[in-house]
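In the numbering used here, the protein residues as written are 9 to 297.
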């Protein structure tokens with residue numbers, strides 16, 4: 009089955025040694041800014057891409073940051089870690105030409121991450137950097153399917169559009185290994201912590217496992233994913249009215265009437281974040297690397 013193929017197929021990218029070192033260093037409470045700078049500096053291309061993202065309007069810094077050491081101190085270890093993994097995810101998406109628009113899928117990933125971080129802040133959830141990363145990685149199973157079976161992914165997205173039915177419902181009705189299951193498996197292979205695996209597995213419908221230890225983070229990303237699909241319809245390769253799990257209201261302590269207020273707040277966040285959402289992590293000439 010597809011899950012069994014993930015660890016053996018060369019088409020599936022894995023975080024390289026630099027990215028793994030960044031994750032390890034950023035998670036070490038005894039590491040200094042210089043330690044993290046030293047690791048990131050091993051990859052000049054990665055360094056420049058991280059700086060470009062740090063200087064986006066989303067972070068609203070008062071001046072342009074030109075040194076990694078400054079970026080690490082100003083935005084923090086975990087944010088720099090998240091940006092490094094964002095660059096890796098972008099590269100994984102663009103590692104092979106297939107039938108789908110990878111730039112649009114990237115924009116969905118980034119929009120979900122940004123919205124998740126804002127929703128977390130709005131409801132007082134403390135680990136906002138973790139929510140951002142979970143948002144970036146929530147649909148990683150779609151990368152796996154697209155790289156392994158590009159025609160199948162194209163037809164799945166096409167059928168979703170024709171029927172105006174969310175992709176996960178089609179996968180469920182067809183009783184196939186879905187993108188959530190494969191995303192969770194891929195993150196296990198990449199040795200991601202359990203919270204990110206849980207989000208990948210249940211982000212489409214958190215009520216499938218309401219007793220999940222990370223249900224709050226999963227519900228935040230689920231809600232961010234719903235809003236992302238409203239702002240960028242079809243960018244996730246899923247079409248039709250987004251499914252909103254009622255569990256969100258009890259877990260996050262919000263009311264249906266709060267959604268309208270949240271939508272207008274996210275409109276402002278979206279406008280402010282367009283360079284992150286649409287810019288990807290291209291080089292100075294706009295060429296993907």
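Using N, Cα and C, we set each Cβ at its ideal position, and we do this for glycine too.
Count the other CB atoms within 10 Å of the CB of residue 7; is the residue buried (16 or more) or exposed (fewer)?
Coverage of the chain is limited to positions 9 through 297, which leaves residue 7 absent and any answer about it impossible.
From the DSSP output, in three-state form, read off residue 99 for me.
Here residue 99 is taken as the residue at index 91 of the chain shown, counted from 1. The answer is helix: DSSP assigns residue 99 an H, G or I state.
So residue 50 and residue 139 are supposed to be a Cβ contact under 8 Å. How far apart are they, rounded?
Indexing the chain shown from 1 puts residue 50 at position 42. Indexing the chain shown from 1 puts residue 139 at position 131. Between residue 139 and residue 50 the Cβ distance is about 28 Å, and since that is not below 8 Å, they are no contact.
Do residue 124 and residue 142 count as a contact pair if the criterion is CB distance below 8 Å?
As a position in the chain shown, residue 142 is number 134, starting the count at 1. As a position in the chain shown, residue 124 is number 116, starting the count at 1. Yes, they are a contact pair.
Helix, strand or coil: how does DSSP classify residue 211 here?
Numbered from its first residue, the chain shown carries residue 211 at position 203. DSSP places residue 211 in coil when its eight states are reduced to three.
Does the beta-carbon of residue 163 have 16 or more other beta-carbons within 10 angstroms, so that it is buried, or is it exposed?
Sequence index remark: in the chain shown, residue 163 carries index 155 (1-based). By the 10 Å Cβ count, residue 163 comes out exposed.
Under 8 Å by Cβ, that's how I've got residue 91 and residue 113 pegged, so tell me the actual separation to the nearest angstrom.
Residue numbering aside, residue 91 sits at position 83 when the chain shown is read from its first letter. Residue numbering aside, residue 113 sits at position 105 when the chain shown is read from its first letter. Actually they are not in contact, since the Cβ atoms of residue 91 and residue 113 sit about 18 Å apart, beyond 8 Å.
How is residue 233 classed by DSSP in three states: helix, strand or coil?
For the purposes of this step, residue 233 is taken as the residue at position 225 of the chain shown. Looking at residue 233 - three-state DSSP - the assignment turns out to be helix.
CB-CB under 7 Å to residue 263, same chain, minus the five flanking residues each way: which ones, in chain order?
Along the chain shown, one-based indexing puts residue 263 at 255. The residues are 257.
The alpha helix (DSSP H) spanning residue 162 covers which residue range?
Numbered from 1 along the chain shown, position 154 holds the residue referred to as residue 162. If you look at residue 162, you'll find it in the alpha helix (DSSP H) that goes 158-171.
Using 10 angstroms around the beta-carbon of residue 134, count the other beta-carbons present and answer buried if the total reaches 16, otherwise exposed.
As a first step, residue 134 is located in the chain shown; it is residue number 126 there, counting from the start. It counts as exposed.
With residue 184 as the anchor, note down where its alpha helix (DSSP H) starts and where it stops.
Indexing the chain shown from 1 puts residue 184 at position 176. Residue 184 -> no alpha helix (DSSP H), and no H or E assigned at all.
Report the rounded CA-to-CA distance for residue 72 versus residue 64, giving the unit in angstroms.
On the chain shown, residue 72 is found 64 positions in, with the first residue counted as 1. On the chain shown, residue 64 is found 56 positions in, with the first residue counted as 1. Near 9 Å, if we compare the C-alpha coordinates of residue 64 and residue 72.
Are there 16 or more other CB atoms within 10 angstroms of the CB of residue 89, so buried, or fewer, so exposed?
Residue numbering aside, residue 89 sits at position 81 when the chain shown is read from its first letter. Buried, by the Cβ-count rule.
Assuming residue 147 contacts residue 187 (C-beta within less than 8 Å), just tell me the rounded distance between them.
The residue you call residue 147 lines up with position 139 of the chain shown. The residue you call residue 187 lines up with position 179 of the chain shown. That belief holds up - the Cβ atoms of residue 147 and residue 187 are roughly 7 Å apart, short of 8 Å.
Can you tell me whether DSSP reads residue 71 as helix, strand or coil?
Against the chain shown, residue 71 aligns to sequence position 63. Here DSSP, grouped into helix, strand and coil, assigns residue 71 to coil.
Where does residue 261 fall in DSSP's three states?
For the purposes of this step, residue 261 is taken as the residue at position 253 of the chain shown. In this structure, residue 261 counts as coil in the three-state DSSP scheme.
Which same chain residues, not among the five before or five after residue 68, have their C-beta less than 8 Å away from its C-beta?
Your numbering for residue 68 matches position 60 in the chain shown. Answer for residue 68: 280, listed in chain order.
How many angstroms separate the CA atom of residue 157 from the CA atom of residue 107?
Counting from 1 along the chain shown, the entry for residue 157 is found at position 149. Counting from 1 along the chain shown, the entry for residue 107 is found at position 99. Distance between the alpha carbons of residue 157 and residue 107 is about 10 Å.
Near residue 31, which residues of its chain fall below 7 Å by C-beta distance, leaving aside the five closest residues on each side in sequence?
For this step, residue 31 is matched to residue 23 along the chain shown. Hits under 7 Å: 89.
Spell out whether any CB of chain D is found under 8 Å from the CB atom of residue 76.
Chain labels in this structure do not include chain D; a single protein chain is all it has.
Apply the 10 Å Cβ neighbour rule to residue 40 and answer buried if 16 or more other Cβ atoms are within range, or exposed otherwise.
Looking up residue 40 in the chain shown gives position 32. The residue in question, residue 40, is exposed, as its Cβ has fewer than 16 Cβ neighbours within 10 Å.
How big is the Cα-Cα spacing for residue 270 and residue 213?
Numbered from 1 along the chain shown, position 262 holds the residue referred to as residue 270. Numbered from 1 along the chain shown, position 205 holds the residue referred to as residue 213. Residue 270 and residue 213 have their C-alpha atoms spaced approximately 20 Å apart.
With a CB to CB cut of under 6 Å and the five nearest residues on each side skipped, what residues in its chain are close to residue 24?
Start at 1 with the first residue of the chain shown, and residue 24 comes out as number 16. Taken in chain order, the list of residues that qualify is empty.
Given that a residue counts as buried once 16 or more other Cβ atoms are within 10 Å of its Cβ, and exposed if not, what is residue 237?
Counting from one through the chain shown, the residue named residue 237 turns up at place 229. So residue 237 ends up on the buried side.
Answer with buried or exposed for residue 245, where buried requires no fewer than 16 other C-beta atoms within 10 angstroms of its C-beta.
To locate residue 245, count along the chain shown from 1; it is residue 237. Buried is the call here.
On the DSSP letters alone, give me the boundaries of the alpha helix (DSSP H) that residue 280 sits inside.
Here residue 280 refers to the residue found at position 272 of the chain shown. Residues 266-280.
So, with DSSP's three-state summary, where would you put residue 4?
Any answer about residue 4 is impossible in this case: the structure gives the chain only from 9 up to 297.
What first and last residue would you give for the alpha helix (DSSP H) that runs through residue 299?
Absent from the model: residue 299. The displayed extent of the chain is 9 to 297, so no value can be given.
For residue 222, does the count of other Cβ atoms within 10 angstroms reach 16, so buried, or fall short, so exposed?
One-based indexing of the chain shown puts residue 222 at position 214. With 16 or more other Cβ atoms within 10 Å, it is buried.
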